[in-house]
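Heads up: the sequence lines are chains R and Z, in that order.
By our numbering, the letter at position 137 of the first sequence is numbered 137, and the numbering carries on one by one without gaps.
By our numbering, the letter at position 5 of the second sequence is numbered 5, and the numbering carries on one by one without gaps.
A virtual CB, placed ideally from N, CA and C, is assigned to each residue, including glycine.
A short worksheet on the structure shown next.
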Amino acid sequence: MNIFLHELRANGKSTFIWSISLIMVVVLFMSFYPSFAKDAEAFTKIMEGYPETVRNLLGVNLGSFFTILGFYCFPLTFITLCGAIQAMNLGTSIISKEVREKTADFLLTKPVTRTKVVTAKLLAAFTSLVLTNLVYLSAASIIAFQVKNENFSFKVFIMLSLTMFFVQLIFLAIGFMLSVMIPKLKSVLPVSLGTVFAFYFLGMFSDTTGEDAKRYLSPFKYYDTAYILKHAEYEAAFLFAGVVIIIIAVISSYVVYTKKDIHSV
Amino acid sequence: MNVIEINNLTKSYGKSRGITDVSFTVEEGEIFGFIGPNGAGKSTTIRTLLSLIYPTSGSAKIFGKDCVKFAPEIKKQIGYLPSEVFYYDNMKVIDLLKYSASFYKKDCSQRIKELAEIMNLDLTKKIDDLSLGNKKKVGIVQGLLHEPKLIILDEPTSGLDPLMQQKFFELLEQENKKGATILFSSHILSEVQRLCNRVAIIKEGKIVTVEKIKTLKENNYKKFKIETIGLVETNIFQLPGVTKLERNGSTISFLFKGNINTVLKKLSELTVANLWIEEPDLEEIFLHYYEKEA
């Protein structure tokens, strides 16, 4: 419990900043919605001029783009990207920061098992993400109700918003695994940004072809907003894929970390 | 009872570093020195004891329990001070110490206060703002606050000024009197000489010798220097066990190994102006071990 609280406190500042940033993005985008919805027709015409591939690339779906939920999907792409970076940073730094700040000696000579250390740290990171999402979700809901011009399904709104959380969990697990596997991780940002953007672009291009199989390549495409809008549910196969990735990453990290030599720096 | 028992411990890192077949025991209540130059394998041995790294072969027991299998249980009674201390920078000293104490299921706040007072440590400062020496003090308090039965120190004095070193040694001696066993690794011989009962000398990953400090010194030469009134024949000191016999004006000097009384008898026949009988310091003995091997 003490490690958990310590980690939670250590994550506190960054969790706060990330939450605020995400809120600012969603508030900024959603405040455009009323004026945007007014000019819907003219805008549709412009967008129809673009090839479908480009529209897909931008995440614009003309069928639903002018409903508030459809519009919300647009900023959500970026917000999810930001969220993924936050999660990846958290995951990558869990173990590597102890080595970088040379505090591993301190922590691991205390009467705790490494499994306990890792569990506490993972839970703390998980909690930080939950808090971020709670804060984000409340802010996003408030602004959505402020700018709406017609009633919308709040359930679908929540479902859409939660996709960020799911993507975050996947990247948390991946980042965690990387930080355990890479012997000496000098700095977190290049690794985490690199990985997240690689997957993001992979997702963007797999999207243009519309093939389902390619979507498995990028966690960003596991939760298709168009599908959720239409069916008000997630795609089971992709939910499952996400869970599998998380379980494999976490278990392998535990196994490697408990056997790893902690070298003095 | 043996507090530490190391049996043929080997840790290889592929090429040259690491330790081979290290075996020694540390008895309860001892202050045991562990000396060797940088890179000889002191830290590797200690880190294996603390199961920060795992042995390639061989084993080590602490309090009679395997140090890997029972690591968390053993560590309740271990205080460890690494050679380089780094702690969570954005924490205050007192918060770090409380965090450290929270791992041991007892109230350590009184002890923290006492130790901080002895070491002259400001608890309200941020760790970030501390000098190296002050960080070291945090490390010392952190390692001792739970009153461990075994204290493991890995080159602990670097960064401490002589006055603080003195206080630190006194503190260790007090802990030792209260029953704590101490494993003290160092490359500075004088501090080992000052504190320890026994030492293990390690060289290139192998134990060269384990000896009592006393025996180490007894087995060795005494340095004699005699200043006489009036000229004396040098060869009066041609005794068995005398080497390097030299004369410089009215002073005669030589090294002697054996029963010291034979020299004293000879001396009583002379009129002596001044006399020095010196122990060779550990430094010379240490070098002796290293040269012999090389």
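*Rounded to a whole number of angstroms, what is the C-alpha to C-alpha distance between R:Phe4 and R:Thr103?*
The straight-line gap separating the alpha-carbon atoms of R:Phe4 and R:Thr103 is approximately 16 Å.
_Quick check on DSSP: helix, strand or coil for Z:Phe295?_
Chain Z is shown only over 1 to 294; residue 295 of chain Z falls outside these bounds and no answer can be derived.
*asked:* Can you tell me whether Z:Ala294 is buried or exposed? The criterion is at least 16 other CB atoms within 10 Å of its CB, across all chains shown.
replied: Low per-residue confidence applies at Z:Ala294: pLDDT is 48, beneath 50, and the placement is therefore not dependable, though the value from the model is reported in the following sentence. Here Z:Ala294 is exposed: its Cβ has fewer than 16 other Cβ atoms, across all protein chains shown, within 10 Å.
*Could you tell me how far apart the beta carbons of Z:Gly139 and Z:Leu183 are, in whole angstroms, since I believe they sit closer than 8 Å?*
About 16 Å separates the Cβ atoms of Z:Gly139 and Z:Leu183, ruling out a contact at the 8 Å cut-off.
*Beta-carbon spacing of R:Thr67, R:Ser192 below 8 Å*: When the beta-carbon positions are compared, R:Thr67 and R:Ser192 stay at least 8 Å from each other.
_Residues that Z:Glu73 contacts on chain R, provided the C-beta gap is smaller than 8 Å_ = For Z:Glu73, the residues of chain R that pass the 8 Å Cβ criterion are Pro111, in the order they occur in the chain.
*How many angstroms separate the CA atom of Z:Asp154 from the CA atom of Z:Ala200?*
One C-alpha to the other measures close to 14 Å.
*Under 8 Å Cβ-Cβ, which residues of chain Z neighbour R:Ile262?*
Here the neighbours are Arg47, Leu52 and Ile53.
*With R:Ile94 and R:Ala125 assumed to form a contact (beta carbons below 8 Å), what rounded beta-carbon distance in angstroms separates them?*
The pair is a contact, with the Cβ atoms about 6 Å apart (cut-off 8 Å).
*asked:* Pull the bridge partners of Z:Lys61 from the DSSP assignment, please.
replied: Per DSSP, the beta-bridge partners of Z:Lys61 are Z:Glu5 and Z:Asp66.
*DSSP on R:Asp105, reduced to helix/strand/coil?*
If DSSP states are grouped into helix, strand and coil, R:Asp105 belongs with the helices.
_Closer than 9 Å at the beta carbon, the chain R residues around Z:Ser43_ = At a beta-carbon threshold of 9 Å, the residues of chain R lying near Z:Ser43 are Ser264, ordered along the chain.
*Consider the Cβ of Z:Ala294: report whether some Cβ of chain R lies at a distance smaller than 8 Å.*
With a pLDDT of only 48 at Z:Ala294, under 50, the local geometry of the prediction cannot be trusted, and no value is derived from it.
*Indicate whether Z:Glu204 and Z:Ala40 have their beta-carbon atoms separated by less than 8 Å.*
Yes. Within cutoff.
*Output yes if chain Z places a C-beta closer than 8 Å to the C-beta of R:Phe8; else output no.*
Contrary to the premise, residue 8 of chain R reads as Leu rather than Phe in this sequence. By this cut-off, R:Leu8 is not an interface position.
_Members of the region 55 to 68 of chain Z near chain R, C-beta cut-off 9 Å_ = Going along the region 55 to 68 of chain Z in chain order, one finds no residue with a Cβ nearer than 9 Å to chain R.
*So, are the CB atoms of Z:Lys92 and Z:His146 less than 8 Å apart?*
No.
*Hey, how far is the Cα of Z:Thr45 from the Cα of R:Phe176?*
Z:Thr45 and R:Phe176: Cα-Cα distance of roughly 29 Å.
_Please report the straight-line C-alpha distance between R:Thr109 and Z:Glu73, rounded to a whole angstrom._
Cα-Cα distance, rounded: 11 Å.
*Keeping to the same chain, check which residues put their C-beta closer than 6 Å to that of R:Gly203; ignore five residues upstream and five downstream.*
Taken in chain order, the residues that qualify are Ser218, Phe220 and Lys221.
*Of all the options Z:Lys206, Z:Gln238 and Z:Asn176, which has the alpha carbon lying nearest to the alpha carbon of Z:Asn197?*
Minimum Cα distance to Z:Asn197 is reached at Z:Asn176.
_If you measure between the beta carbons of R:Val27 and R:Ala198, is that distance less than 8 Å?_
Their beta carbons are not under 8 Å apart, which means R:Val27 does not touch R:Ala198 by this criterion.
*In chain B, what lies closer than 7 Å to Z:Pro37 by C-beta?*
Protein chains in the displayed structure are R and Z, and chain B is not among them.
*Does any C-beta atom of chain Z lie closer than 8 Å to the C-beta of R:Lys102?*
Yes, R:Lys102 lies at the interface with chain Z (some Cβ there is under 8 Å from its Cβ).
_6 Å Cβ shell around Z:Asn7 - same chain, five flanking residues per side excluded_ = Around Z:Asn7: Ser23, Gly58 and Ser59.
*Report the three-state DSSP secondary structure of Z:Phe103 (helix, strand or coil).*
In the structure shown, Z:Phe103 falls within a coil segment according to DSSP collapsed to helix, strand and coil.
*In three-state terms, what does DSSP make of R:Arg215?*
R:Arg215 carries a helical assignment under DSSP once its states are collapsed to helix, strand and coil.
*Residue ranges of each beta strand (DSSP E) within the region 223 to 255 of chain Z, 3 or longer*: Listed in chain order, the complete beta strand (DSSP E) runs (minimum 3 residues) inside the region 223 to 255 of chain Z are 242 to 248.
*Using a C-beta cutoff of 8 Å, does R:Asn11 count as contacting chain Z?*
So, not an interface residue.
*So Z:Arg47 packs on R:Ser264, CB below 8 Å; how close in whole Å?*
Z:Arg47 to R:Ser264, Cβ: 7 Å. Contact.
*For R:Asp261, which option in Z:Ser268, Z:Pro55 and Z:Phe254 has the closest C-alpha, if you only look at C-alpha atoms?*
For R:Asp261, the closest alpha carbon among the candidates Z:Ser268, Z:Pro55 and Z:Phe254 is that of Z:Pro55.
*Z:Ile78 versus chain R: which residues are under 9 Å apart at the beta carbon?*
Those are Thr109 and Pro111, listed as they occur along chain R.
*Could you confirm whether any beta carbon from chain R is found closer than 8 Å to the beta carbon of Z:Asp102?*
Inspection of the sequence shows that residue 102 of chain Z is occupied by Ser rather than by Asp. For Z:Ser102, the answer is yes, since a Cβ of chain R falls inside 8 Å of its Cβ.
*May I have the straight-line CA-CA distance separating Z:Leu85 from Z:Gly159, to the nearest angstrom?*
Just to set this straight, residue 85 of chain Z is Val in the shown sequence, not Leu. So the alpha carbons of these two residues sit roughly 10 Å apart.
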